[in-house]
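Asks: Structure in structure tokens, see below.
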Amino acid sequence: MIKEYKTIQEIASPLMLVKQVEGVTYDELAEIELPDGEVRRCKVLEVEGDTAVVQLFESAQGINLAQSKVRFLGHPLELGVSEDMLGRVFNGMGEPIDGGPEILADEHHDINGLPMNPAARAYPAEFIQTGVSTIDGLNTLVRGQKLPIFSASGLPHANLAAQIARQARVLGDEETFAVVFAAIGITFEESEYFIQEFRRTGAIDRTVVFSNLANDPAVERIATPRMALTAAEYLAFEKDMQVLVILTDITNYAEALREVSAAKKEVPGRRGYPGYLYTDLATLYERAGRRIGKRGSITMIPILTMPEDDKTHPIPDLTGYITEGQIILSRDLHRKGIVPPVDVLPSLSRLKDKGIGEGKTREDHAGTMNQLFAAYARGKDAKELMTILGEAALSDDDKQFAKFADAFEQEYVNQGNEVNRSIEDTLNLGWELLRILPRTELKRIKPEMIEKYMPEA
Amino acid sequence: MSGTITKVSGPLVVANGLADANVSDVVRVGEQRLIGEILNMTGDSASIQVYEETSGLGPGAGVETTGMPLSVELGPGMLENIYDGIQRPLPEIRDMTGSTIARGIEVPALNRERRWQFVPTLEAGAEVVGGDVIGTVQETSAILHKIMVPPQLKGTIKSITGGEFTVADTVAVLTDAQGVEHALTMVQRWPVRIARPYAQKFAPNRPMNSGQRIIDTLFPIAKGGTAAVPGPFGSGKTVVQHQLAKWSDVDIVVYIGCGERGNEMTDVLMEFPELTDPRNGEPLMKRTVLIANTSDMPVAAREASIYTGITIAEYFRDMGYDVAVLADSTSRWAEALREMSGRLEEMPGEEGYPAYLASRIAQFYERAGCVRCIGSDEDRRGSVTAIGAVSPPGGDISEPVSQATMRIVKVFWSLDSSLAYARHFPAINWLTSYSLYVESLQPWYEATFGADYMKNRSQAMSILQQESELQEIVRLVGQDALGASDRLTMETAKMLREDFLQQNAFADIDSYSEYRRQFLLMQLILQYDALCRDALEKNAPMQKLFAIPARVEIGRAKSVPNDEYETVYAQIGADMTAQIKEIVAGGEEQ
Numbered sequence: 001m002i003k004e005y006k007t008i009q010e011i012a013s014p015l016m017l018v019k020q021v022e023g024v025t026y027d028e029l030a031e032i033e034l035p036d037g038e039v040r041r042c043k044v045l046e047v048e049g050d051t052a053v054v055q056l057f058e059s060a061q062g063i064n065l066a067q068s069k070v071r072f073l074g075h076p077l078e079l080g081v082s083e084d085m086l087g088r089v090f091n092g093m094g095e096p097i098d099g100g101p102e103i104l105a106d107e108h109h110d111i112n113g114l115p116m117n118p119a120a121r122a123y124p125a126e127f128i129q130t131g132v133s134t135i136d137g138l139n140t141l142v143r144g145q146k147l148p149i150f151s152a153s154g155l156p157h158a159n160l161a162a163q164i165a166r167q168a169r170v171l172g173d174e175e176t177f178a179v180v181f182a183a184i185g186i187t188f189e190e191s192e193y194f195i196q197e198f199r200r201t202g203a204i205d206r207t208v209v210f211s212n213l214a215n216d217p218a219v220e221r222i223a224t225p226r227m228a229l230t231a232a233e234y235l236a237f238e239k240d241m242q243v244l245v246i247l248t249d250i251t252n253y254a255e256a257l258r259e260v261s262a263a264k265k266e267v268p269g270r271r272g273y274p275g276y277l278y279t280d281l282a283t284l285y286e287r288a289g290r291r292i293g294k295r296g297s298i299t300m301i302p303i304l305t306m307p308e309d310d311k312t313h314p315i316p317d318l319t320g321y322i323t324e325g326q327i328i329l330s331r332d333l334h335r336k337g338i339v340p341p342v343d344v345l346p347s348l349s350r351l352k353d354k355g356i357g358e359g360k361t362r363e364d365h366a367g368t369m370n371q372l373f374a375a376y377a378r379g380k381d382a383k384e385l386m387t388i389l390g391e392a393a394l395s396d397d398d399k400q401f402a403k404f405a406d407a408f409e410q411e412y413v414n415q416g417n418e419v420n421r422s423i424e425d426t427l428n429l430g431w432e433l434l435r436i437l438p439r440t441e442l443k444r445i446k447p448e449m450i451e452k453y454m455p456e457a
Numbered sequence: 001m002s003g004t005i006t007k008v009s010g011p012l013v014v015a016n017g018l019a020d021a022n023v024s025d026v027v028r029v030g031e032q033r034l035i036g037e038i039l040n041m042t043g044d045s046a047s048i049q050v051y052e053e054t055s056g057l058g059p060g061a062g063v064e065t066t067g068m069p070l071s072v073e074l075g076p077g078m079l080e081n082i083y084d085g086i087q088r089p090l091p092e093i094r095d096m097t098g099s100t101i102a103r104g105i106e107v108p109a110l111n112r113e114r115r116w117q118f119v120p121t122l123e124a125g126a127e128v129v130g131g132d133v134i135g136t137v138q139e140t141s142a143i144l145h146k147i148m149v150p151p152q153l154k155g156t157i158k159s160i161t162g163g164e165f166t167v168a169d170t171v172a173v174l175t176d177a178q179g180v181e182h183a184l185t186m187v188q189r190w191p192v193r194i195a196r197p198y199a200q201k202f203a204p205n206r207p208m209n210s211g212q213r214i215i216d217t218l219f220p221i222a223k224g225g226t227a228a229v230p231g232p233f234g235s236g237k238t239v240v241q242h243q244l245a246k247w248s249d250v251d252i253v254v255y256i257g258c259g260e261r262g263n264e265m266t267d268v269l270m271e272f273p274e275l276t277d278p279r280n281g282e283p284l285m286k287r288t289v290l291i292a293n294t295s296d297m298p299v300a301a302r303e304a305s306i307y308t309g310i311t312i313a314e315y316f317r318d319m320g321y322d323v324a325v326l327a328d329s330t331s332r333w334a335e336a337l338r339e340m341s342g343r344l345e346e347m348p349g350e351e352g353y354p355a356y357l358a359s360r361i362a363q364f365y366e367r368a369g370c371v372r373c374i375g376s377d378e379d380r381r382g383s384v385t386a387i388g389a390v391s392p393p394g395g396d397i398s399e400p401v402s403q404a405t406m407r408i409v410k411v412f413w414s415l416d417s418s419l420a421y422a423r424h425f426p427a428i429n430w431l432t433s434y435s436l437y438v439e440s441l442q443p444w445y446e447a448t449f450g451a452d453y454m455k456n457r458s459q460a461m462s463i464l465q466q467e468s469e470l471q472e473i474v475r476l477v478g479q480d481a482l483g484a485s486d487r488l489t490m491e492t493a494k495m496l497r498e499d500f501l502q503q504n505a506f507a508d509i510d511s512y513s514e515y516r517r518q519f520l521l522m523q524l525i526l527q528y529d530a531l532c533r534d535a536l537e538k539n540a541p542m543q544k545l546f547a548i549p550a551r552v553e554i555g556r557a558k559s560v561p562n563d564e565y566e567t568v569y570a571q572i573g574a575d576m577t578a579q580i581k582e583i584v585a586g587g588e589e590q
């Protein structure tokens, strides 16, 4: 028999203080029933003696201290999981909102998950062809990786994420795939764009959507990505699927976290975000990966908007420290009309080295990748110098590097959202562009490779 | 002695009824017997940090003290193993609970079933003091594990037996001055927050060879020294740490993955058994102990992981070994301190970090050093070298963790994101990094390689410094404004950067470069500089000098196989001399 308490002492949204409770435990899920019968969910943040500090997931509007009842449910927030979730749309708390029937859950899982044992991880090493040159060629994504997109307001991150979701495949592989999409505080339009994209490509039947839109309760956003990851873990590690998780937008998630932290009067860290933001984000991101003895995998693409385009803002900064690289979008390239506007130099995939080369992509991949990076960096420096001093001040070599940088942006980066390039196309295009440079400058590539792929005319 | 929980707030639990417990005692919390440690006591009420997730814990649940501070088990079986922050073996946890880490698991750190061949080195009747070696165990093919008398004991060996034993079996009996008998096993327990004793500490004077050119040649670290590697994300901190763990010429490596990525630890676990130590041909894993408390694992155990790691390192040091401790990343450890401090409602210092942050960081690094070990043999020396990664928010090292670290460490390898963007790896900035060991290591370098090694070093540093000044000018007025000699300085600096400092951690040959090879490569570049300078004085055309074929050869010198480089480098040197001579001769003819 679950006890009901009518002892709410205080509500300061999103927190609530309940007195004279018994047997309440940390992180327990609770329900609050309003006088009109409406039920809202909340969870225990702290319990001291007979007082519990409870966090509401929804608004506190209309709660009457004297007449509302609180029930503690004896378990943490859970998600009922089942394969039937594929093709369905849920709200941020995991309840179906597409008008379909309730999910008959196979199992109920705590949405916080459990930390993965590092000794039980399998190292991600299978190349995923996304069909996007700047990713495949230079910042290669592998199965089980977490690779965020650092975007900013007004940049087309949604298009890039949808393009990846649409085109991504592992070469020569017939595994079943699934997409788990979590909309975290984004607009209806953006969410709808993704859902339409999934529909257009037929992926919708293999997609689970968790949707917390901008006008949904902010605090619910703390649960939304965890719901999505719980579903993803079930599909990947119990149903052997290759799951791609898209979380957008992590910035909204961090703001919800800050709201709760501020309400709890915690000592703030940088920019008012709680000191545990790193640890908290890590408990999301680290749920990506592969496990020894399991066929499935979770590949994660979180999207975040950098406030003021600032990469050192705590959200992108801490994300970058946890994730295995980052794809950064550039406002300059976007203005130039380059699609997708991937800023190649600060972008990085940490796991690329194990996923490329002979037997995975092609033997010349590593060398050309390093060469393209180095040459583009030098070309950009040369162009900068050119704007200050004029073209005449450049050495002949530098002029060629500047020319290379332009061609690289126009042809390699600027491929459009609809073009799906195979890895061979991407690598060959790289060689094509390297021809602009003097042969002696190709120091990063083994001479045998240059002979083979760029024979002297 | 047991108490009752009154408050739960994340990893912080408050319980009363614990009047008999001591500060720092390990306690068992709740029905699941979660592991915790007492931080503070007020009356009979204790603030406890719990090393596991506290979800489901509430007031009324029991707390039991073990009466012991947080300790590690030290003995055979640690090498090749991977532990969490409080020394629970992760492979055994995997066998018990699958891919995730469930709560309240109790597993001894050292396997109790595995048998080791114990070879006594003493006989009954021997007088021993703490630290004396009573026998050995060949723990891995690379490491001979020395079984020592625990530091606090001394007396006479009453009996000692060789043979196959588990770590918990008695291998010897010691009678102390009071006539009390102590059974000695192969395992010792030691509280992690207390440094293990040593007889005497020395200033370090031998370099730790890392096989990384920028480290060994420009910013060397001594065995027993301390270093910090700060850098923004993506600048290659972890690769630098991995390279040091792989190639350092120490006997034992303790690698602490503290609040970092799970896949990085998996990478080490997969890669190290495959790699061989260039010095003895043994797999690198045979000398490695891993501590992994990844970022998704409980934050309180992350705080402990640093101490667990350094205590294990000190234990191997006591055997007379050189040990390197690599902590990645100390910033995450500091954040764990901050989180607990916040929950304890302590008055925050800078950026919310507790006021004792700097002293805790200093205490950690001070446990490094070169020592004469305790024991009756006078000449057993060991060292602990501590190298910590620092992850400053936004790459800005004005923050408290970086600053507190810089005050204490002697070597600073500053990673630079702009170098990383240009794929210049390792992205250690040669202008902002420093090593305070250069002077104390100079005698060693001179005795080993003659006076030239250090002379080359200072010349290279000066060329790189001049380059950065010249670049300022080039940025303002263009390259043509420079004189020939300055142009040459820029060219040499470019060669130093591209052909010497850049080193590919993922290339088989280039990943590790021995001293001699570093020395010869540096010689070649400086020889080029000297020859060209000479030629320019004789009015040789600059562009021709910059374009000689030997330069391309120097550019490829890094990938010459290890058994050929002596001859190949000599050949490049000869070719270069000839080519420059030719240009000089041609210039004079015109």
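Taken in order, these protein sequences are the chains called V and W.
According to the working numbering, the residues represented by the first sequence are 1 to 457, in order.
According to the working numbering, the residues represented by the second sequence are 1 to 590, in order.
Using N, Cα and C, we set each Cβ at its ideal position, and we do this for glycine too.
Computed from a prediction, not measured in an experiment: that's the story for all the values here.
Against chain W, with Cβ distances strictly below 8 Å, would D27/V count as a contact?
Replies: Numbered from 1 along the first sequence, position 27 holds the residue referred to as residue 27/V. The C-beta of D27/V comes closer than 8 Å to at least one C-beta of chain W.
Asks: Report the rounded CA-to-CA distance for P76/V versus D27/V, giving the unit in angstroms.
Replies: Taking the first sequence and counting its residues from 1, the one referred to as residue 76/V is at position 76. Taking the first sequence and counting its residues from 1, the one referred to as residue 27/V is at position 27. Counting only the Cα atoms, D27/V lies some 6 Å from P76/V.
Asks: Which runs of the beta strand (DSSP E) fall wholly inside the segment 189-249 of chain W and span at least 3 residues, in chain order?
Replies: 200-202 and 226-230
Asks: Taking the Cβ atom as the reference point for each residue, do T305/V and D396/V lie within a distance shorter than 8 Å?
Replies: Taking the first residue of the first sequence as 1, we reach residue 305/V at position 305. Taking the first residue of the first sequence as 1, we reach residue 396/V at position 396. Not a contact, by the Cβ cut-off of 8 Å.
Asks: Taking Cβ positions only, does P124/V come closer than 8 Å to chain W?
Replies: Mapped onto the first sequence, residue 124/V falls at position 124. With 8 Å as the cut-off, P124/V counts as an interface residue toward chain W.
Asks: Chain W partners of S458/V, CB-CB under 8 Å?
Replies: A query on residue 458/V cannot be resolved here, the shown segment of chain V reaching from 1 to 457 and no further.
Asks: Is there a C-beta anywhere in chain W that falls below 8 Å from the one on K19/V?
Replies: For the purposes of this step, residue 19/V is identified with residue 19 of the first sequence, where counting begins at 1. No, K19/V lies away from the interface with chain W (no Cβ there is under 8 Å from its Cβ).
Asks: Could you give the DSSP three-state label for G573/W: helix, strand or coil?
Replies: Taking the first residue of the second sequence as 1, we reach residue 573/W at position 573. Of the three classes helix, strand and coil, the one that applies to G573/W here is helix, per DSSP.
Asks: Could you tell me the distance, in whole angstroms, from the CA atom of T314/W to the CA atom of K286/W?
Replies: Numbered from its first residue, the second sequence carries residue 314/W at position 314. Numbered from its first residue, the second sequence carries residue 286/W at position 286. A small fix is needed here, since residue 314/W is Glu in this sequence, not Thr. Roughly 18 Å between the two C-alpha positions.
Asks: Closest by CA to G388/W, which one among Y565/W, S559/W and G231/W?
Replies: Mapped onto the second sequence, residue 388/W falls at position 388. Considering only alpha carbons, the answer is G231/W.
Asks: What are the uninterrupted segments assigned as alpha helix (DSSP H) that are 4 or more residues long and contained completely in the segment 272-325 of chain V, given in chain order?
Replies: 277-285 and 314-322
Asks: Give a yes or no on whether the C-beta atoms belonging to V229/W and V240/W are separated by under 8 Å.
Replies: One-based indexing of the second sequence puts residue 229/W at position 229. One-based indexing of the second sequence puts residue 240/W at position 240. Result yes, Cβ atoms of V229/W and V240/W sit closer than 8 Å.
Asks: Suppose contacts are defined by Cβ-Cβ distances below 8 Å. Is T599/W in contact with A368/W by that definition?
Replies: Lying outside 1 to 590, the shown extent of chain W, residue 599/W is not represented and no answer is given.
Asks: Cα separation between E589/W and R533/W?
Replies: Taking the first residue of the second sequence as 1, we reach residue 589/W at position 589. Taking the first residue of the second sequence as 1, we reach residue 533/W at position 533. Interpretation of E589/W is limited by its pLDDT of 47, a score under 50 that renders its predicted location unreliable; no figure is taken from the coordinates.
Asks: Just verifying my parser: in three-state terms, what is the DSSP assignment at G62/V?
Replies: Sequence index remark: in the first sequence, residue 62/V carries index 62 (1-based). The answer is coil: DSSP assigns G62/V none of H, G, I, E or B.
Asks: Output the distance between the C-alpha atoms of C370/W and K223/W, rounded to the nearest integer angstrom.
Replies: In the second sequence, the residue the question calls residue 370/W occupies position 370. In the second sequence, the residue the question calls residue 223/W occupies position 223. Their backbone Cα atoms lie some 7 Å apart in a straight line.
Asks: Short check: CB of A254/V to CB of F210/V, under 8 Å?
Replies: Position 254 of the first sequence, counted from the start, is the residue given in the question as residue 254/V. Position 210 of the first sequence, counted from the start, is the residue given in the question as residue 210/V. No, the Cβ-Cβ distance between A254/V and F210/V is not below 8 Å.
Asks: Mark A550/W as exposed unless 16 or more other C-beta atoms lie within 10 angstroms of its C-beta, in which case mark it buried.
Replies: Working through the second sequence from its first residue, we reach residue 550/W at position 550. When all chains shown are included, A550/W counts as buried.
Asks: Whose CA, out of V107/W, I86/W and V27/W, lies closest to the CA of M96/W?
Replies: Residue numbering aside, residue 96/W sits at position 96 when the second sequence is read from its first letter. It is V107/W.
Asks: Starting from K410/W and walking both ways along the alpha helix (DSSP H), at which residues does that stretch end?
Replies: One-based indexing of the second sequence puts residue 410/W at position 410. K410/W -> no alpha helix (DSSP H), and no H or E assigned at all.
Asks: Taking buried to mean at least 16 other C-beta atoms within 10 Å of its own C-beta, is V129/W buried or exposed?
Replies: Reading the second sequence from its first residue, position 129 is the one you call residue 129/W. Under this definition V129/W is an exposed residue.
Asks: Where does the unbroken alpha helix (DSSP H) through W333/W begin, and where does it stop?
Replies: Within the second sequence, the letter at position 333 stands for residue 333/W. Residues T330 to R343.
Asks: By alpha-carbon positions, which one of D322/W, E92/W and I312/W ends up nearest to P204/W?
Replies: Within the second sequence, residue 204/W is the residue found at index 204, counting from 1. For the residues D322/W, E92/W and I312/W, the minimum Cα distance to P204/W belongs to D322/W.
Asks: Classify N40/W: buried if its beta carbon has 16 or more other beta carbons within 10 angstroms, exposed otherwise.
Replies: Within the second sequence, numbered from 1, the residue matching residue 40/W stands at position 40. Burial call: exposed.
Asks: What are the boundary residues of the alpha helix (DSSP H) that includes S468/W?
Replies: Against the second sequence, residue 468/W aligns to sequence position 468. Where S468/W is concerned, the enclosing alpha helix (DSSP H) stretches over D452 to V477.
Asks: Start and end of the beta strand (DSSP E) containing F177/V?
Replies: Translated into the one-based positions of the first sequence, residue 177/V becomes position 177. Here the beta strand (DSSP E) through F177/V covers F177 to I186.
Asks: List, in chain order, every chain W residue whose beta-carbon is nearer than 7 Å to that of V267/V.
Replies: Within the first sequence, the letter at position 267 stands for residue 267/V. Those are G342, P348 and G352, listed as they occur along chain W.
Asks: Per DSSP, which residues does N91/V bridge with? Please list them.
Replies: Residue numbering aside, residue 91/V sits at position 91 when the first sequence is read from its first letter. N91/V is bridged to S211/V.
Asks: Could you name each continuous alpha helix (DSSP H) segment of 4 residues or more that falls completely within the segment 513-578 of chain W, going from the start of the chain to the end?
Replies: 515-537, 542-546 and 549-555
Asks: So which residues of chain B does M297/W contact, with C-beta pairs closer than 7 Å?
Replies: Looking for chain B here will not work: the only protein chains present are V and W.
Asks: Whole beta strand (DSSP E) runs in the segment 69-111 of chain W with 3 or more residues, listed along the chain?
Replies: Counting only runs of at least 3 residues, the segment 69-111 of chain W fully encloses the following beta strand (DSSP E) elements, listed from N- to C-terminal order: 71-74.
Asks: State yes or no: is the beta carbon of R291/V nearer than 8 Å to at least one beta carbon in chain W?
Replies: Counted from its first residue, the first sequence places residue 291/V at position 291. Yes, contact with chain W.
Asks: Report the CB separation of A300/W from Y569/W in whole angstroms; it is logged as a contact under 8 Å.
Replies: Working through the second sequence from its first residue, we reach residue 300/W at position 300. Working through the second sequence from its first residue, we reach residue 569/W at position 569. Contact doesn't hold; Cβ gap of about 53 Å is too wide.
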